[in-house]
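These protein sequence lines are chains A and B, in that order. Numbering of the first sequence is given in our numbering, commencing with residue 5 and proceeding in unit increments. Numbering of the second sequence is given in our numbering, commencing with residue 2 and proceeding in unit increments. Beta carbons are placed, not taken as given, at the ideal position from N, Cα and C, and that holds for glycine. The structure appears below as structure tokens.
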Amino acid sequence: MSDPILSVSGLRSGYDAGDVLREVSLSLAPTEIVGVIGRNGAGKSTLMRTLIGLLKSRGGRIHFDGAELTGLPAEERARKGLGYVPQGRFIFPDLTVHENLRTGRFIGRALDFELIYATFPVLKERRRQIAGTLSGGQQEMLAIARALIAGPKLLLLDEPSEGVQPSIVQEIGEALLTLNRERGLSVLIVEQNLDLMQHVAQRAYALDKGGITAELGREQIADEALLTEYLSV
Amino acid sequence: MAEIVSLLYQFGTNAAFLLLAALGLIVILGMMNIINLAHGEFMMLGAYAASAAVHRGLPFPLAVLLSAVAVGVFGIVLERLVVRHFYGRELGALVVTWGISLILSQGTLIAFGPFMAPIAIPGGALTVGVYSFSTYWLFLMAICVVLLAGLGWLYKATEFGLQARATMQNAAMARALGIRVERVYMITFGLGSALAGLSGALLAPTTSIAPFMGQQFVAPAFITVVVGGGASVIGGAIGSSSLLSLVETPVSFLMGSFWGSIALLVTALVLIRILPNGVSSLRLRRRTRGARG
Ligand SMILES: Nc1ncnc2c1ncn2[C@@H]1O[C@H](COP(=O)(O)OP(=O)(O)O)[C@@H](O)[C@H]1O
Ligand SMILES: [Mg+2]
Numbered sequence: 005m006s007d008p009i010l011s012v013s014g015l016r017s018g019y020d021a022g023d024v025l026r027e028v029s030l031s032l033a034p035t036e037i038v039g040v041i042g043r044n045g046a047g048k049s050t051l052m053r054t055l056i057g058l059l060k061s062r063g064g065r066i067h068f069d070g071a072e073l074t075g076l077p078a079e080e081r082a083r084k085g086l087g088y089v090p091q092g093r094f095i096f097p098d099l100t101v102h103e104n105l106r107t108g109r110f111i112g113r114a115l116d117f118e119l120i121y122a123t124f125p126v127l128k129e130r131r132r133q134i135a136g137t138l139s140g141g142q143q144e145m146l147a148i149a150r151a152l153i154a155g156p157k158l159l160l161l162d163e164p165s166e167g168v169q170p171s172i173v174q175e176i177g178e179a180l181l182t183l184n185r186e187r188g189l190s191v192l193i194v195e196q197n198l199d200l201m202q203h204v205a206q207r208a209y210a211l212d213k214g215g216i217t218a219e220l221g222r223e224q225i226a227d228e229a230l231l232t233e234y235l236s237v
Numbered sequence: 002m003a004e005i006v007s008l009l010y011q012f013g014t015n016a017a018f019l020l021l022a023a024l025g026l027i028v029i030l031g032m033m034n035i036i037n038l039a040h041g042e043f044m045m046l047g048a049y050a051a052s053a054a055v056h057r058g059l060p061f062p063l064a065v066l067l068s069a070v071a072v073g074v075f076g077i078v079l080e081r082l083v084v085r086h087f088y089g090r091e092l093g094a095l096v097v098t099w100g101i102s103l104i105l106s107q108g109t110l111i112a113f114g115p116f117m118a119p120i121a122i123p124g125g126a127l128t129v130g131v132y133s134f135s136t137y138w139l140f141l142m143a144i145c146v147v148l149l150a151g152l153g154w155l156y157k158a159t160e161f162g163l164q165a166r167a168t169m170q171n172a173a174m175a176r177a178l179g180i181r182v183e184r185v186y187m188i189t190f191g192l193g194s195a196l197a198g199l200s201g202a203l204l205a206p207t208t209s210i211a212p213f214m215g216q217q218f219v220a221p222a223f224i225t226v227v228v229g230g231g232a233s234v235i236g237g238a239i240g241s242s243s244l245l246s247l248v249e250t251p252v253s254f255l256m257g258s259f260w261g262s263i264a265l266l267v268t269a270l271v272l273i274r275i276l277p278n279g280v281s282s283l284r285l286r287r288r289t290r291g292a293r294g
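Structure below.
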């Protein structure tokens with residue numbers, strides 16, 4: 005196996021009330037799509053926020069594409085090729101679709117509108133529309149497109165199916181697989197939607213109470229009953 | 002006929018004064034959500050810099066530009082050294098900029114005494130009927146149009162403007178996309194300061210130049226900002242300065258400038274009651290309704 009594009013060891017972080025992540029270690033090979041599952045409050049979003057750097061880590065190390073990220077602010081991590089799509093999307097509501105896409109330019113090299121419009125054609129139709137007036141599914145596509153448009157090396161994707169209609173969830177899944185196959189995009193995806201997880205993930209980590217409790221391979225991910233167990237309260 | 006021209010001129014003068022007084026404050030408040038209580042003192046510094054330069058023989062336009070740059074640089078230095086440590090703590094930023102305002106006005110009093118020699122109003126007068134109009138105020142009205150167009154261009158058409166608007170809407174998300182938010186804030190504070198310096202310099206010939214002169218600008222500036230609202234920074238400024246002067250002008254014309262100021266205040270109070278989110282919220286409301294319908 006080649007050198008991992010992302011390797012995390014002993015990561016700790018949390019909020020004022022105390023630590024949430026406790027010694028999380030994981031790694032991701034280039035062109036891998038890896039899932040993170042776990043019930044509500046397990047710390048999945050906290051993990052994603054700590055990886056992108058919106059939340060300071062309190063211990064441990066994050067190594068990405070040959071560089072040490074630990075201690076770098078979010079904007080510098082993004083500039084190293086880390087695309088982040090938060091849970092809840094957080095598109096810029098008062099900017100147009102096109103302007104939202106342009107804000108993604110620092111994550112990689114040049115803006116590739118063609119790729120984005122080929123992947124999500126509806127964004128082309130609506131490029132002049134104020135983003136806050138898009139439907140939930142369209143906003144999710146926009147948030148993903150914004151993170152992808154300059155060609156990141158790794159995409160951090162936090163619950164893309166939340167509040168999104170099934171047909172668009174499927175479209176997003178296909179887009180991820182295509183970009184992974186054709187552009188070598190790596191993805192770390194947090195997802196509660198089992199269909200999407202089973203469709204895209206090659207491997208997955210189970211997260212519970214801020215720690216990794218299991219690593220699942222392809223066959224285990226295909227096992228619906230097992231996944232449900234990891235998700236159940 | 003001459004009356005109408007005169008009334009229009011008064012209206013333009015009042016609106017230009019409100020806009021000039023408020024512009025720097027609006028940029029910093031709208032983009033960074035920081036209430037810069039030292040805004041009036043930044044204008045005072047601009048007035049001092051311009052008159053000092055003119056007294057040393059510099060041409061007035063050059064003196065004005067120099068003042069804007071000087072106050073802008075001063076603003077950036079203050080932002081780096083002091084103000085940035087108070088981001089995200091609105092009350093803290095309020096107190097610290099108030100402290101800066103006290104230091105600046107008292108410091109100016111100690112350094113330069115209670116008065117600075119005035120500078121003459123450049124330009125002459127135009128006469129229509131029995132009325133005469135200062136060409137300088139006509140020039141200031143034109144400057145306002147240029148400044149507003151320039152700001153509109155900066156925020157709508159440039160890469161910096163896009164980054165600033167993204168930062169204003171969600172700073173954390175902007176960071177996660179690689180936007181250097183700290184730099185956006187620094188430039189914005191510098192720009193707001195430079196605009197205050199510019200306005201102070203431009204208004205210097207029209208008023209007496211003294212350490213506490215900033216106060217005369219602060220009240221109208223804040224009224225303009227509050228009435229304008231935050232939904233669209235520049236649109237709000239245009240809307241509120243013209244609405245306010247639309248009321249102030251005829252009242253001053255008929256009853257004198259004291260009652261004009263009272264009318265300004267009352268209008269502001271009424272407008273804030275009717276439109277708690279400011280004049281600019283009107284446009285936004287119409288836009289979202291249109292998008293839904
Ligand atoms: N902004 C926050 N401030 C304080 N505590 C938080 C914050 N966000 C999440 N938490 C807490 O951290 C824990 C993990 O939350 P989160 O990472 O959002 O879980 P998940 O994404 O797995 O549902 C929860 O106990 C939650 O209450
Ligand atoms: Mg979550």
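Problem - Candidates B:Ala48, B:Pro123, B:Ser135 and B:Ser106: closest to serine 209 (chain B) by CA position - result: B:Ala48
Handout entry: Expected contact under 8 Å - CB spacing of alanine 2 (chain A) and threonine 100 (chain A) to nearest Å
Key = Residue 2 (chain A) is absent from the model: chain A starts at 5 and stops at 237.
Handout entry: Candidates B:Ala16, B:Gly130, B:Ile180 and B:Ala175, of which the one nearest leucine 149 (chain B) by Cα
Key = B:Ala16
Handout entry: First through last residue of the alpha helix (DSSP H) which encompasses glycine 100 (chain B)
Key = 91 to 113
Practice task
Would you grab the beta carbon distance between alanine 114 (chain A) and alanine 154 (chain A) for me? Rounded to a whole angstrom, and I think it's under 8 Å.
Solution key: 7 Å
Problem - Neighbour-count burial assignment, alanine 222 (chain B), 16 or more Cβ in a 10 Å radius - result: buried
Exercise for the section: Determine, using beta carbons only, whether lysine 48 (chain A) and valine 40 (chain A) come nearer to each other than 8 Å. Expected result: yes
Handout entry: Pair within 8 Å by beta-carbon distance, leucine 159 (chain A) and valine 194 (chain A)
Key = no
Handout entry: Interfacial residues, the segment 178 to 202 of chain B to chain A, with Cβ spacing under 8 Å
Key = Leu178, Gly179, Ile180, Arg181 and Val182
Practice task
Write down the C-beta distance between isoleucine 180 (chain B) and glutamate 79 (chain A) rounded to the nearest angstrom, noting that I regard them as a contact closer than 8 Å.
Solution key: 6 Å
Problem - Helix, strand or coil at glutamate 249 (chain B) [DSSP, three-state] - result: helix
Exercise for the section: Give the interface partners of glutamine 170 (chain B) over in chain A, defined as CB-CB distance under 8 Å, in chain order. Expected result: Phe96, Pro97, Asp98 and Leu99
Practice task
Determine the extent of the beta strand (DSSP E) in which valine 89 (chain A) is found, giving its start and end residues.
Solution key: 86 to 89
Exercise for the section: Quick one: grab the DSSP three-state call for methionine 2 (chain B). Expected result: coil
Problem - Coil, strand or helix - glutamate 72 (chain A) by DSSP - result: strand
Handout entry: Interface residues of the segment 30 to 64 of chain A facing chain B [CB-CB below 7 Å]
Key = Ile56 and Leu58
Handout entry: Nearest-angstrom Cα separation, counted from alanine 175 (chain B) out to histidine 203 (chain A)
Key = 31 Å
Handout entry: Nearest-angstrom Cβ-Cβ length linking arginine 16 (chain A) and glycine 57 (chain A), presumed shorter than 8 Å
Key = Not quite, the Cβ-Cβ distance comes to about 15 Å (not below 8 Å), so this is no contact.
Exercise for the section: Leaving out five residues on either side along the sequence, give the residues of the same chain with a beta carbon under 6 Å from the beta carbon of threonine 98 (chain B). Expected result: Asn37, Leu38 and Ala39
Handout entry: Spatial distance of lysine 60 (chain A) from alanine 64 (chain B) (CA atoms)
Key = 47 Å
Practice task
Would you give the residue range spanned by the alpha helix (DSSP H) that glutamate 186 (chain A) belongs to?
Solution key: 170 to 187
Exercise for the section: Output the residues surrounding ligand 2, defined as those with a CB atom closer than 7 Å to any ligand heavy atom, in chain order. Expected result: A:Lys48, A:Ser49, A:Gln91, A:Asp162, A:Glu163 and A:Val194
Practice task
Go ahead and pull the three-state DSSP assignment for methionine 214 (chain B).
Solution key: coil
Exercise for the section: Please go through the same chain and pick out, in chain order, the residues whose beta-carbon is closer than 7 Å to the beta-carbon of threonine 35 (chain A), but skip the five residues on each side of it. Expected result: Asn184, Gly188 and Ser190
Handout entry: C-beta atoms of arginine 150 (chain A) and histidine 102 (chain A) nearer than 8 Å
Key = no
Practice task
Count the other C-beta atoms from every protein chain shown that fall within 10 angstroms of the C-beta of serine 102 (chain B), then say buried if there are 16 or more, exposed otherwise.
Solution key: buried
Practice task
Can you give me the Cβ contacts of alanine 179 (chain A) inside the same chain, cut-off strictly under 6 Å, excluding the 5 residues immediately before and after it?
Solution key: Thr123
Exercise for the section: Determine, using beta-carbon pairs with one atom in the segment 204 to 218 of chain B and one in the segment 120 to 140 of chain B, whether at least three such pairs fall under 8 Å. Expected result: yes
Problem - Where glycine 198 (chain B) sits in the DSSP three-state scheme - result: helix
Exercise for the section: Would you kindly check if the distance between the Cβ of isoleucine 273 (chain B) and the Cβ of valine 219 (chain B) is under 8 Å? Expected result: no
Handout entry: Any C-beta of chain A under 8 Å from that of alanine 112 (chain B)
Key = no
Handout entry: beta-carbon asparagine 44 (chain A) near ligand 1 non-hydrogen atom, thresh 7 Å
Key = yes
Problem - Span of the beta strand (DSSP E), counted from its first residue to its last, around aspartate 139 (chain A) - result: Before going on, a small fix: residue 139 (chain A) reads as serine here, not aspartate. First-last for serine 139 (chain A): undefined, no H or E at that position.
Exercise for the section: Return yes when at least one heavy atom of ligand 1 lies under 7 Å from the C-beta of alanine 21 (chain A), else no. Expected result: yes
Practice task
Determine the contact status of alanine 4 (chain A) and alanine 218 (chain A), defining contact as a CB-CB distance below 8 Å.
Solution key: Coverage of chain A is limited to positions 5 through 237, which leaves residue 4 (chain A) absent and any answer about it impossible.
Practice task
Taking C-beta pairs closer than 9 Å, name the residues in chain B that glutamate 103 (chain A) reaches, listed in chain order.
Solution key: Leu163, Arg166 and Ala167
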